[in-house]
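Numbering (our numbering), first residue to last: 9 to 112.
For reference, the structure discussed in these notes is given below.
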Amino acid sequence: MTIDYQTAATRLIVLDKKLAGIQKALGSLRAPGQLTAEHQALLNESADLTSRMVATRREGVQLVLEFLQGNGKDKLDSGLVQDHGSGHLSGSRIDKRGGGSKSA
């Protein structure tokens with residue numbers, strides 16, 4: 009399944025907020041022996057959210073790799089990746105003279 013940059017970014021923001029809420033709830037533990045069923049459920053959900061975040065980031069990296077390998081031209085043409093002629097693609101500046109890319 010291929011996703012666009014905005015969808016990936018939105019997923020990461022939502023998952024990050026959920027994870028922050030879980031970590032805040034887990035912060036109420038006073039000692040390791042106080043692990044209740046609720047805390048265990050929160051730990052399990054935290055692990056699940058973390059793995060989903062990693063998978064979403066991996067999909068984003070795959071999109072970038074496809075673009076850099078030339079397979080992204082179709083996505084650029086279809087509007088999945090927006091350039092608008094500025095050379096800017098998701099936080100990086102592409103040197104249009106072929107000299108490489110620079111961080112924004």
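Even for Gly, the Cβ is constructed at its ideal location relative to N, Cα and C.
Worksheet item: What's the gap between the Cα of Ser54 and the Cα of Gln31?
Response: Within the sequence shown, the letter at position 46 stands for residue 54. Within the sequence shown, the letter at position 23 stands for residue 31. Near 8 Å, if we compare the C-alpha coordinates of Gln31 and Ser54.
Worksheet item: Which whole-angstrom value describes the C-beta separation of Leu50 and Leu34, a residue pair presumed to lie in contact below a C-beta threshold of 8 Å?
Response: Along the sequence shown, read from residue 1 onward, the residue named residue 50 stands at position 42. Along the sequence shown, read from residue 1 onward, the residue named residue 34 stands at position 26. With 8 Å as the limit, Leu50 and Leu34 qualify as a contact, their Cβ atoms being about 6 Å apart.
Discussion item. Less than 7 Å between C-beta atoms, sequence neighbours within five positions excluded: which residues of the same chain meet that for Ile16?
Written reply: By 1-based counting over the sequence shown, the position of residue 16 is 8. According to the sequence shown, residue 16 is Ala rather than Ile. Around Ala16: Thr64, Glu67 and Gly68.
Worksheet item: Asp56 lies in the alpha helix (DSSP H); which residues open and close that run?
Response: Position 48 of the sequence shown, counted from the start, is the residue given in the question as residue 56. Ala45 to Leu76 is the span of the alpha helix (DSSP H), which, as asked, contains Asp56.
Discussion item. DSSP three-state label for Gly29, please.
Written reply: Counting from one through the sequence shown, the residue named residue 29 turns up at place 21. Gly29 falls in the helix class under three-state DSSP.
Discussion item. Rounding to the nearest angstrom, what Cα-Cα distance links Arg60 and Lys26 in this structure?
Written reply: For the purposes of this step, residue 60 is taken as the residue at position 52 of the sequence shown. For the purposes of this step, residue 26 is taken as the residue at position 18 of the sequence shown. C-alpha of Arg60 to C-alpha of Lys26: approximately 12 Å in a straight line.
Worksheet entry | Exposure of Leu71, with buried meaning 16 or more beta-carbon neighbours within 10 Å | Walking along the sequence shown from the start, residue 71 turns up at place 63. It is buried - the Cβ of Leu71 has at least 16 other Cβ atoms within 10 Å.
Practice prompt. Please state if the CB of Leu57 and the CB of Leu23 are separated by a distance shorter than 8 Å.
Written response: Along the sequence shown, one-based indexing puts residue 23 at 15. Along the sequence shown, one-based indexing puts residue 57 at 49. Taking 8 Å as the Cβ cut-off, Leu23 and Leu57 qualify as a contacting pair.
Worksheet item: Just how far apart, CA to CA, sit Asp12 and Ala28?
Response: Here the question's residue 12 lines up with position 4 in the sequence shown. Here the question's residue 28 lines up with position 20 in the sequence shown. If you take the alpha carbons of Asp12 and Ala28, they lie about 24 Å apart.
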